[in-house]
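Residue numbers (the working numbering), protein chains in the order written: chain F, 752 to 863; chain L, 752 to 863; chain B, 752 to 863; chain X, 3 to 456; chain V, 3 to 456; chain R, 3 to 456.
Beta carbons: idealized from backbone N, C-alpha and C, even for Gly.
Given the structure is predicted, the values throughout are model-derived calculations rather than measurements.
A quick write-up on the structure given underneath.
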Amino acid sequence: MKLIIAAIKPFKLEEVREALTAIGVRGMMVTEIKGFGSQSGHTEIYRGAEYAVNFVPKVKLEIVVSAAMADQVVETIQTTAKTDKIGDGKIFVLDVNQAVRVRTGETNDDAL
Amino acid sequence: MKLIIAAIKPFKLEEVREALTAIGVRGMMVTEIKGFGSQSGHTEIYRGAEYAVNFVPKVKLEIVVSAAMADQVVETIQTTAKTDKIGDGKIFVLDVNQAVRVRTGETNDDAL
Amino acid sequence: MKLIIAAIKPFKLEEVREALTAIGVRGMMVTEIKGFGSQSGHTEIYRGAEYAVNFVPKVKLEIVVSAAMADQVVETIQTTAKTDKIGDGKIFVLDVNQAVRVRTGETNDDAL
Amino acid sequence: MHFRKFIPAGAALTAAILLPALGYAQEAAEAAAEAVPAGGPDEQTAYILTSVLFLVGGFLVFWMAAGFAMLEAGLVRSKNVAMQLTKNIALFSLASIFYYLVGYNLMYPLGDWAIEGYFSALFPAVAVLEGVGIDAAGADDIAYASTASDYFFQLMFCATTASIVSGTLAERIKLWPFLIFTIILTAFIYPLQASWKWGGGFLDEMGFLDFAGSTVVHSVGGWAALVGALFLGPRLGKYKDGRVIPMPGSNLALATLGTFILWLGWFGFNGGSQLAMGTIGDVTDVSRIFANTNAAAAGGGLTALVLTQLLYKKPDLTMVLNGCLAGLVSITAEPLTPTLGWATIIGMIGGVIVVFGVPFLDKLKIDDAVGAIPVHLMAGIWGTFIVPLTNPDGSYVTQIISILIVAAFVIVASAIVWFILKLVMGLRVDAETEIAGLDMAELGMEAYPEFSKG
Amino acid sequence: MHFRKFIPAGAALTAAILLPALGYAQEAAEAAAEAVPAGGPDEQTAYILTSVLFLVGGFLVFWMAAGFAMLEAGLVRSKNVAMQLTKNIALFSLASIFYYLVGYNLMYPLGDWAIEGYFSALFPAVAVLEGVGIDAAGADDIAYASTASDYFFQLMFCATTASIVSGTLAERIKLWPFLIFTIILTAFIYPLQASWKWGGGFLDEMGFLDFAGSTVVHSVGGWAALVGALFLGPRLGKYKDGRVIPMPGSNLALATLGTFILWLGWFGFNGGSQLAMGTIGDVTDVSRIFANTNAAAAGGGLTALVLTQLLYKKPDLTMVLNGCLAGLVSITAEPLTPTLGWATIIGMIGGVIVVFGVPFLDKLKIDDAVGAIPVHLMAGIWGTFIVPLTNPDGSYVTQIISILIVAAFVIVASAIVWFILKLVMGLRVDAETEIAGLDMAELGMEAYPEFSKG
Amino acid sequence: MHFRKFIPAGAALTAAILLPALGYAQEAAEAAAEAVPAGGPDEQTAYILTSVLFLVGGFLVFWMAAGFAMLEAGLVRSKNVAMQLTKNIALFSLASIFYYLVGYNLMYPLGDWAIEGYFSALFPAVAVLEGVGIDAAGADDIAYASTASDYFFQLMFCATTASIVSGTLAERIKLWPFLIFTIILTAFIYPLQASWKWGGGFLDEMGFLDFAGSTVVHSVGGWAALVGALFLGPRLGKYKDGRVIPMPGSNLALATLGTFILWLGWFGFNGGSQLAMGTIGDVTDVSRIFANTNAAAAGGGLTALVLTQLLYKKPDLTMVLNGCLAGLVSITAEPLTPTLGWATIIGMIGGVIVVFGVPFLDKLKIDDAVGAIPVHLMAGIWGTFIVPLTNPDGSYVTQIISILIVAAFVIVASAIVWFILKLVMGLRVDAETEIAGLDMAELGMEAYPEFSKG
Ligand SMILES: Nc1ncnc2c1ncn2[C@@H]1O[C@H](COP(=O)(O)OP(=O)(O)O)[C@@H](O)[C@H]1O
Ligand SMILES: Nc1ncnc2c1ncn2[C@@H]1O[C@H](COP(=O)(O)OP(=O)(O)O)[C@@H](O)[C@H]1O
Ligand SMILES: Nc1ncnc2c1ncn2[C@@H]1O[C@H](COP(=O)(O)OP(=O)(O)O)[C@@H](O)[C@H]1O
């Protein structure tokens, strides 16, 4: 199995979720994060003092899928989250040795 | 070493933490997440407009333990977080190459 | 490529980010987490009732870098986040099979 | 004290008998009633000034409804905030309607008792105001104030009683049973017992003194809340293997705002209860009440601050907030006669009551989500009891007896209502709803939908 | 009603003609104007008491500005909260300055019309108050109240009108075009049409009745908001392939606080509009207005609670809040003549209007971020229309005609302004800004910078 | 101005001498004092009306305590919010108690000076109110108002002074040293210097004019805060290698609410300072003050909005909030004599002062967490200085000298207290506590425990 980690723009979350559901992803974990990257770094002024905004709000998706599905998921995220503007985000893929469904104790692919 | 990622129901956090401490887990990272899964999807009405609640609040645990301990940790989480109701969550296990304790620079198992 | 996960003290974030930028890290994901570890466990009183504060606020960094850079990144974090006080945090390193830049579709090292 | 002065011929005798029992504030009452004092405002100007007292006092007490809403919203967990807000605004609306339909006339028989001194005729049921553009002849009671101003002021006291209940039962009671209880409370329970004192009923004849309602308002709300808490049981996980599990309030800034709002509103609550502002004596008394009310609140808050620092090594903001309120409740039974010094001390003891009362309730496994019982019930009893210390017209025995009578009535009455509600529709949300929070489950919306909860 | 009573010789005749048309409140007006009633307060005392009514009423209406700010801040998404707060405090400041520079004298020709009954001279432009330490002789109108107190009170109504607009257009309109519109609205649009009724203009002569401004204030704000919403278009993603996408308010505790603040302020809004408190009749009327205003709010809130429960199976807090406000708007055109019962019912229908009005607007794809149009425009029309039900001096036909005249004027006038602004500087932030939120993009700061948003 | 008019025989002479110096407001004072003007309210009615002014003004100024609490809670970081709330409610409680114990009589020697014009007898120490149910004969000063109403009103000014200090020192000062300073400030420092002006002391005799306290209240708080800030040093990480690191406020909705609350309270602050409402002249002056106060706030806010837009390309909400407050402080020294136009301009300059004052302090590395020094001290000096522009009785030289005298006294006095406190118990929390936040470390609770902080 694979763990797919993706950082995307928050307003794209719903769209990406729908696209993933469409290709059969049945679960994911979503976390609000602060993203740092090439997009970052504009400066603002607060009470007369400049400060650099180094972090931009992003949403992180963590999805575990069977190895077979991984590429399709990555591609789906990439195409859906894309706006061609800087800061669209990144996708990373890691190996997962084991998965368990708490409710049933099912493991691995059955757990997803 | 293994990284154990678990998504559980928020109100189970305290119980799970106690159970893990009992078997000798000495640290973890806890994150509030929005979970998407089979549990999701009931609809609510806000000012007369329907909307689907696709995400349910969950808590994500990330625990790094020695390979030897991994199974016991997984099992403990599974049994403690279980309510037999849909949405109990998932547990995933990944490999970790290296661990460092910032304060001392100790590495790997000593760092945990 | 490697995924470096680090839990550090929140007030160290800015310093660590600067240090990492200095050595050429161009992106990361930052998450507010509740940390549990040896530092935890002081008790407070609320309306006359004692309660244990088991979690302390931490910040989690997730950084994907080329395998070559990994050690340098780990070391930079470790030295910068260090305060020699308990609770300084941990650093973990995992393998990453694949990385994609959403905007361009570039993969792996080009995506970072 | 809330002795409504317009008394139709039929009741003149009664009035004559019981007037002597009314204590200091009666001086004011008389002043207002008697022929205009030399050089003072004429009767009509006095009528206007007293009406103004009721209008200003009334909107200040109205404001307390917002105070309760903010205090409670701040002290519950975020998953129940929207529901707590809903309950607060709904209970005030219901109080406004049912006090109009039934309560006001049940509370002020104005001499027309069905059962002398105990139960007013329920007829005419609805409150009727004076007509539009009246002249002196058209006034219901030229020696008092406009009926509408009195109604407006009294209504707010009724609503306050209901607000007290909502806090204690927060985070677990179903919306509708709670609202039905509110209807019974504001239409019958509160006005009936209030008529015994402020309607000139038997408690008043006994010489019971309760200037602005430590008992008539606050303890009554407190008793109803206590009985409700017993029927309802504690929140899930509040008491676990002998330990008390704190459930920290989600927004202490709101809770503090609520306390300041209540403190402000209390000037109207106590000051307006002078029921007259048309003479030097009355306005001077009202001023004295304002100063004493403030002193008691300060005393209560400071005491809670110092005590929690000493007992727990760290001060507890939520206790300080409760302390201020306990100080206010303590002085409410007699805000006029104490000196500033006594007012401060009376309030301080209110602060002590809260600091010990909150954990005491927890020891009894009675779960009061916001501390309303220590604040309104315990401090209310204290304030009522201590009246004779500064008011020579008071008697400790009479105070105690009256406290007990009111307690007995409210406990029994609300127990019956809670019991029936539990039987018929159930009081409590199911465990899953309680764990998920009432907001999502019962309202389908959250108070803070965007903030990730830690 | 806001008929300003100081009328220079030049206008005495006009006055004489139109006075009969002023409805109930006029009784009060006369009472204040005529020789002091036997035994009542003398003329100077009456002047003082009426001035006090304006000062207290005025600060209560001022407080409504805070209510709008909190309500709107609570109902928008957190990424736009700081901007919404900025708009609210800025619009109030602008209203204060431009009502002073132009509005006040445009609204109160005091008989000096450039075009009789339609357009006052713009000169003298700025508001001028009475001197310092005057005596009876120095008073502009000894039979009324101090000019400064009247100015203070009237100013707050002008600002309220502007506050209504900001909510509807939230989360997408640029700051400066909005503020420029506010200037035109508070300097010209509001005062001009207000002069037609409250300045004794042609609507007043026609016999149009609008005691405290269901039309003159609330509908006017509502029309301006509606036209603005049409020019501006809905928020991105609000309407997607035929579905309405809810955008939940970020802080319902603030929204509830805002509603309580508005409810409180409304006592001053309606009560102060009696414009006199120097006689028994006036103070009794003011009291009646307070009680009725509260009843209508309660009726509106309760109705929204019950209706949403029935329609949607779960009550909707935001609808309850809107319901209370709709009840208040509904009673504003005539808070004096209804009985408490009628006031409650009139408010209840306001509640119904909101529950159906909000989804109705969505069906039309008119995006009103906070429900200001159903609350202020729709309920405002309802309240104005129903005046004759309880006020014999009213005529349904006249009410309808007047509603239409005001509507036509405000729609055209604000359409022109919005059009020009759109042409010249554009009304709407670009898509990226809207998605990121106006706070960061337009202010460079966030309202809640530390809370991670979910 | 706060010249307390009840003057025992013993001081009649003094009074006679200094009365001429009192400026415009004195007209009012005289009006109240002199035989009732023909046709006006009688002496007792005037007494009642003035007492009402103090009660209403007083509860409005009380409300400012909530305003400071919300403003400060909104401008500090979330980890220090609960502590800031605790400080605000505790300081108000302490002010209430110590102004009663010492301050009131220290401030109002009523002619009984230990050192003529400089230092009142400390005996009788505690404030004593009039008895219950008095008649005209029993009044302390039938030509003024009830002592309790005066006490209630004056107390609120003392508390305001203390509120100013808490904001500047936020996020780093220990609770108890701060509270001890508050005691000294409210028991001695504030009342003593206030007696020099409002107690009829030497500053008053010099002809110093400060109607409602730009200097006596606001600058005094500001000086105490400034000295405290110097002893305390800036927050960790505020100034790093020559750069200023912004520490954004955690809740700008609360900060805005706080500003609106303060704005509202200020009507009572300035209006009540007329100290009389029993004549046409007085109520007209009070009305004028209300209107001017509002104009100045609007001017200040708008100016800050425009200036920050021009200087920084984006408007700064926190500056706008400070701007409104600076406008209010600026008009406080003379809210009566300016026209609406001048009031607006005086307020506008207050807004300018804030926009430049905030970064200026940062340049000096003086860390003022909420901008209290620019708002209360700098604008307070400006407002005091400019009085003679509109008030012919004023002299620029006298104003400057008086400003300097008060400054010197408060700087020295508070420096001594801060120094001793630093020596004895230390002023500042340790670095770790400051980093973790005072809430968890000093209170063991958080203001927003559930919201994950970003
Ligand atoms: N090396 C990295 N490791 C982890 N996350 C990263 C990395 N680089 C970028 N990200 C995440 O991806 C987001 C977008 O990346 P950014 O460089 O800003 O834009 P783009 O991907 O279009 O070049 C960042 O905000 C960050 O959350
Ligand atoms: N494939 C997945 N990858 C990552 N997280 C998942 C996945 N499936 C489920 N989860 C997490 O587990 C939670 C519970 O899963 P769900 O399917 O709702 O219930 P159950 O596990 O009982 O079938 C989800 O809310 C989500 O956070
Ligand atoms: N085994 C672990 N797995 C994941 N995170 C851990 C683990 N142990 C510690 N952490 C994280 O590191 C933080 C610091 O660890 P702690 O034991 O408190 O201090 P120290 O690392 O100095 O011994 C913890 O708050 C937690 O977030």
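Other residues of its chain near residue i: CB distance less than 7 Å, five sequence neighbours each side excluded
i	result
aspartate 212 of chain R	Met3, Lys199, Val218, Ala335, Thr386
threonine 858 of chain F	Gln849, Ala850, Val851
Boundaries (first-last residue) of the beta strand (DSSP E) holding residue i
i	result
alanine 139 of chain V	Careful: alanine 139 of chain V lies outside any beta strand (DSSP E) and carries neither H nor E.
valine 134 of chain R	Looking at the DSSP string, valine 134 of chain R is not in any beta strand (DSSP E), and its letter there is neither H nor E.
threonine 782 of chain B	779-787
proline 808 of chain B	807-816
valine 804 of chain L	800-804
isoleucine 837 of chain F	Premise fails: isoleucine 837 of chain F is in no beta strand (DSSP E) and is neither H nor E.
Delimiting residues of the alpha helix (DSSP H) encompassing residue i
i	result
phenylalanine 70 of chain R	45-77
tryptophan 344 of chain V	342-365
alanine 306 of chain R	282-314
alanine 116 of chain X	Looking at the DSSP string, alanine 116 of chain X is not in any alpha helix (DSSP H); the run it does join, the beta strand (DSSP E), is 115-117.
tyrosine 110 of chain V	It is not in any alpha helix (DSSP H) - tyrosine 110 of chain V carries neither H nor E in the DSSP assignment.
glutamate 795 of chain B	It is not in any alpha helix (DSSP H) - glutamate 795 of chain B instead sits in the beta strand (DSSP E) that spans 793-797.
Local Cβ density within 10 Å of residue i, reported as buried at 16 or more and exposed below that
i	result
glutamate 436 of chain R	buried
isoleucine 348 of chain V	buried
valine 285 of chain V	buried
glutamate 29 of chain V	In this prediction, glutamate 29 of chain V has a pLDDT of 34, which is less than 50 and means its spatial position is unreliable; nothing more can be read from the coordinates.
asparagine 82 of chain X	buried
alanine 129 of chain R	buried
Neighbourhood of residue i by C-beta distance below 6 Å, restricted to the same chain and skipping five residues each side
i	result
alanine 773 of chain B	none
leucine 764 of chain B	Val810
isoleucine 403 of chain X	none
methionine 350 of chain R	Gly301, Thr305
Beta-carbon contacts of residue i that lie in its chain and below 8 Å, excluding the five residues immediately before and after
i	result
valine 816 of chain B	Met752, Lys753, Ile755, Val776, Val824, Leu863
Per DSSP, the bridge partner or partners of residue i
i	result
leucine 845 of chain L	L:Leu754
threonine 858 of chain L	L:Val851
Would you say the stretch 367-379 of chain V touches the stretch 318-328 of chain V, given that touching needs at least three Cβ pairs under 8 Å?
Yes: at least three Cβ pairs fall under 8 Å.
Examine the Cβ distances between the stretch 140-148 of chain R and the stretch 271-291 of chain X and report whether three or more of them are shorter than 8 Å.
The stretch 140-148 of chain R vs the stretch 271-291 of chain X: in contact.
Quick check: the stretch 41-53 of chain R against the stretch 401-411 of chain R, are there 3 or more CB pairs under 8 Å?
no
Should the stretch 794-812 of chain B be regarded as contacting the stretch 815-833 of chain L, the criterion being three or more beta carbon pairs within less than 8 Å?
Here the stretch 794-812 of chain B makes no contact with the stretch 815-833 of chain L; the two share fewer than three CB pairs at distances below 8 Å.
I want to know whether the stretch 166-186 of chain R touches the stretch 418-434 of chain R - three or more CB-CB distances under 8 Å.
yes
Decide if the stretch 156-170 of chain R is in contact with the stretch 98-115 of chain R; the criterion is three or more beta carbon pairs, one per stretch, under 8 Å apart.
yes
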